[in-house]
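Notes to accompany the following structure.
Numbering (this note's numbering), first residue to last: 2 to 306.
Set out below in structure tokens:
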């Protein structure tokens, strides 16, 4: 397996420079397009890696399935289904015009920014700091890494320049979907996106979703299997922004990308995969990362379709 991953990293090197790092967040613009790393945790708990898998990066939108899981754990499926939709928007992840009419819960999707900002309010906690602390603890638990923290430079950069997300949050406020101070909600969201991980962390998180809520090796249950089913279903339809349909055809597994260059891919019952390459396409997905996953899926017959 490790030789296969090394082949994939080598074969996909030519795609790294075809994308460019996200530049609307100044700190992310510093990403090195020459980076490409991959980490796999297989169904027997064994780990395999290649390339720049140790390189840290911020989780960005890959935190959204963890946000969704936290909401499910705090409130249950019926509550979450009644408060946020599951249909793909067909629009960019930061789109403001998600609907032509009155904004309602069913217009929101947990894998785009407006939905994720709203989900931040559904996490239980006395204030936004406690809500974020619980989300960070869950991320550490899923990844099996107690040292995961926040990249302060990226967090402050997002907070300083995140006016589009402010527009989304104030729209939610206008329609009565946010109570309290918008800046407090956004502070939780900006910190969540700025959680620093590496490919191994993403692969471990993906494995738990692939293993329906159980950890590798010990098989300890971290959350009910029905929550993994829920999250994976949303990921396969909406996890790769408005490129999810193309990704389903090319790769065919539940996955979530982030504008930091990461991709977390879930091959149910088979493996969890973490990939990092910061050169993005026009939809905000890693160019080399998608090509690497496409090759891995073809070589290992991973597609669920």
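Ideal Cβ positions, reconstructed from N, Cα and C, are used throughout, including at glycine.
TODO: Please state if the CB of residue 197 and the CB of residue 152 are separated by a distance shorter than 7 Å.
DONE: Here the question's residue 152 lines up with position 151 in the chain shown. Here the question's residue 197 lines up with position 196 in the chain shown. Residue 152 is a Cβ neighbour of residue 197, given a cutoff of 7 Å.
Open item on the list: Can you look up residue 65 in the DSSP assignment and give me helix, strand or coil?
Closed with: Residue numbering aside, residue 65 sits at position 64 when the chain shown is read from its first letter. DSSP places residue 65 in the helix class (H, G or I) of the three-state scheme.
Open item on the list: Quick check on the DSSP output: the beta strand (DSSP E) that includes residue 40 runs from which residue to which?
Closed with: Locating residue 40 in the chain shown gives position 39, where the first residue counts as 1. Element bounds for residue 40: 38 to 43.
Task: Proximity winner among 108, 59 and 65, relative to residue 178 (alpha-carbon distances) - done: Looking up residue 178 in the chain shown gives position 177. Selected option, being the one with the closest Cα: 108.
- [ ] Out of 213, 233, 219 and 236, point me to the one whose CA is closest to residue 225's CA.
- [x] Position 224 of the chain shown, counting from 1, holds the residue named residue 225. Its Cα nearest to that of residue 225, the residue 213 stands out among 213, 233, 219 and 236.
Task: Residues sharing a beta bridge with residue 258, DSSP - done: Here residue 258 refers to the residue found at position 257 of the chain shown. Secondary-structure assignment with DSSP links residue 258 through a beta bridge to 264.
Task: Proximity to residue 268 [Cα-Cα], best of 43, 126 and 117 - done: Within the chain shown, residue 268 is the residue found at index 267, counting from 1. Considering only alpha carbons, the answer is 43.
- [ ] Alpha carbon to alpha carbon, how far is residue 120 from residue 230? Give it in angstroms, no decimals.
- [x] Here residue 230 is taken as the residue at index 229 of the chain shown, counted from 1. Here residue 120 is taken as the residue at index 119 of the chain shown, counted from 1. In a straight line, the C-alpha of residue 230 is about 18 Å away from that of residue 120.
Open item on the list: Could you tell me the alpha carbon to alpha carbon distance between residue 3 and residue 40, rounded to whole angstroms?
Closed with: As a first step, residue 3 must be located in the chain shown, where it is residue number 2. As a first step, residue 40 must be located in the chain shown, where it is residue number 39. One C-alpha to the other measures close to 9 Å.
Open item on the list: Assuming the contact rule is C-beta atoms closer than 8 Å, residue 255 and residue 233 should be a hit. Round their C-beta distance to whole Å, please.
Closed with: The count along the chain shown starts at 1 and reaches residue 255 at position 254. The count along the chain shown starts at 1 and reaches residue 233 at position 232. 4 Å between Cβ atoms; contact.
TODO: With DSSP collapsed to three states, give me the class of residue 158.
DONE: Residue 158 sits at position 157 when you count from the first residue of the chain shown. The answer is helix: DSSP assigns residue 158 an H, G or I state.
- [ ] Report yes or no: do the region 184 to 194 and the region 131 to 150 share at least 3 C-beta pairs separated by less than 8 Å?
- [x] Touching, yes.
Task: Limits of the unbroken beta strand (DSSP E) element including residue 49 - done: To locate residue 49, count along the chain shown from 1; it is residue 48. Here the beta strand (DSSP E) through residue 49 covers 48 to 52.
Open item on the list: Taking its Cβ as the centre, do 16 or more other Cβ atoms sit within 10 Å of residue 80, making it buried, or is it exposed?
Closed with: If you number the chain shown from 1, residue 80 lands on position 79. Exposed is the label assigned to residue 80, since fewer than 16 other Cβ atoms lie within 10 Å of its Cβ.
Open item on the list: Taking the alpha carbon of residue 89 as the reference point, which residue from 10, 54, 216 and 235 has its own alpha carbon closest?
Closed with: In the chain shown, residue 89 corresponds to position 88, counting from 1. Comparing Cα-Cα distances from residue 89 to each of 10, 54, 216 and 235, the minimum goes to 235.
Open item on the list: Please report the straight-line C-alpha distance between residue 125 and residue 75, rounded to a whole angstrom.
Closed with: By 1-based counting over the chain shown, the position of residue 125 is 124. By 1-based counting over the chain shown, the position of residue 75 is 74. The alpha-carbon atoms of residue 125 and residue 75 are separated by roughly 6 Å.
- [ ] Please report the Cβ distance between residue 9 and residue 296, rounded to the nearest whole angstrom; I am assuming they are in contact, meaning their Cβ atoms lie under 8 Å.
- [x] To locate residue 9, count along the chain shown from 1; it is residue 8. To locate residue 296, count along the chain shown from 1; it is residue 295. So it is a contact: roughly 5 Å between Cβ atoms.
Task: Assigned exposure category for residue 144 - 16 Cβ within 10 Å defines buried - done: Working through the chain shown from its first residue, we reach residue 144 at position 143. It is buried - the Cβ of residue 144 has at least 16 other Cβ atoms within 10 Å.
Open item on the list: Quick check on this structure: which residue in 63, 182, 61 and 113 has the alpha carbon closest to the alpha carbon of residue 86?
Closed with: Counting from 1 along the chain shown, the entry for residue 86 is found at position 85. Closest by alpha carbon: 113.
Task: Ordered list of alpha helix (DSSP H) runs contained in the region 173 to 200, each at least 4 residues - done: Secondary structure remark: continuous alpha helix (DSSP H) runs of at least 4 residues inside the region 173 to 200, in chain order: 183 to 194.
Open item on the list: Rounded to whole angstroms, what is the Cα-Cα separation between residue 172 and residue 218?
Closed with: The residue labelled residue 172 in the question sits at position 171 within the chain shown. The residue labelled residue 218 in the question sits at position 217 within the chain shown. The straight-line gap from Cα to Cα measures roughly 45 Å.
Open item on the list: In the DSSP output, which residue or residues are listed as bridge partners for residue 272?
Closed with: Along the chain shown, one-based indexing puts residue 272 at 271. Per DSSP, the beta bridge partners of residue 272 are 43 and 268.
Open item on the list: Quick check on the DSSP output: the alpha helix (DSSP H) that includes residue 2 runs from which residue to which?
Closed with: Here residue 2 refers to the residue found at position 1 when the chain shown is read from its first residue. Residue 2: not part of any alpha helix (DSSP H); DSSP gives it neither H nor E.
Task: Own chain partners of residue 78 with C-beta closer than 7 Å, once the 5 adjacent residues on each side are dropped - done: For the purposes of this step, residue 78 is identified with residue 77 of the chain shown, where counting begins at 1. Within its own chain, the residues whose Cβ lies closer than 7 Å to the Cβ of residue 78, once the five positions on either side in sequence are excluded, are 227 and 231, listed in chain order.
Open item on the list: Using C-beta distances below 6 Å, list every residue in its chain close to residue 288, excluding the 5 sequence neighbours before and after it, in chain order.
Closed with: The residue labelled residue 288 in the question sits at position 287 within the chain shown. Hits under 6 Å: 16, 19, 20, 280 and 282.
TODO: Kindly list the residues whose CB is nearer than 6 Å to the CB of residue 155, restricted to its own chain and excluding five residues on each side of it in sequence; keep chain order.
DONE: Within the chain shown, the letter at position 154 stands for residue 155. Around residue 155: 28, 59 and 195.
Task: As assigned by DSSP and simplified to three states, the class of residue 334 - done: Since the first residue of the chain shown is 2 and the last is 306, residue 334 is not available in this structure.
Open item on the list: Short of 6 Å in beta carbon distance, which residues of its chain neighbour residue 63, apart from the five on each side in sequence? Order them along the chain.
Closed with: Counting from 1 along the chain shown, the entry for residue 63 is found at position 62. 257, 259, 263 and 265, listed in sequence order.
Open item on the list: Report the CB separation of residue 165 from residue 211 in whole angstroms; it is logged as a contact under 8 Å.
Closed with: As a working mapping, residue 165 is identified with position 164 in the chain shown. As a working mapping, residue 211 is identified with position 210 in the chain shown. By a beta-carbon distance limit of 8 Å, residue 165 does not contact residue 211. Their separation comes to about 33 Å.
Open item on the list: I'd like to check one pair, residue 284 with residue 244: are the Cβ atoms closer than 7 Å?
Closed with: Stepping through the chain shown from its first residue, residue 244 is reached at position 243. Stepping through the chain shown from its first residue, residue 284 is reached at position 283. Here residue 244 is near residue 284, since their CB atoms are less than 7 Å apart.
TODO: Please state whether DSSP places residue 303 in a helix, a strand or coil.
DONE: Indexing the chain shown from 1 puts residue 303 at position 302. Look at residue 303 here: in three-state DSSP terms it is coil, with no helix or strand label.
Open item on the list: Let me make sure I understand the geometry here. Which of 205, 35, 11 and 45 has the alpha-carbon closest to that of residue 51?
Closed with: The sequence position of residue 51 within the chain shown is 50, counting from 1. It is 11.
Open item on the list: If you follow the alpha helix (DSSP H) that residue 239 is in, where does it begin and where does it stop?
Closed with: To locate residue 239, count along the chain shown from 1; it is residue 238. From DSSP, the alpha helix (DSSP H) with residue 239 extends over 226 to 239.
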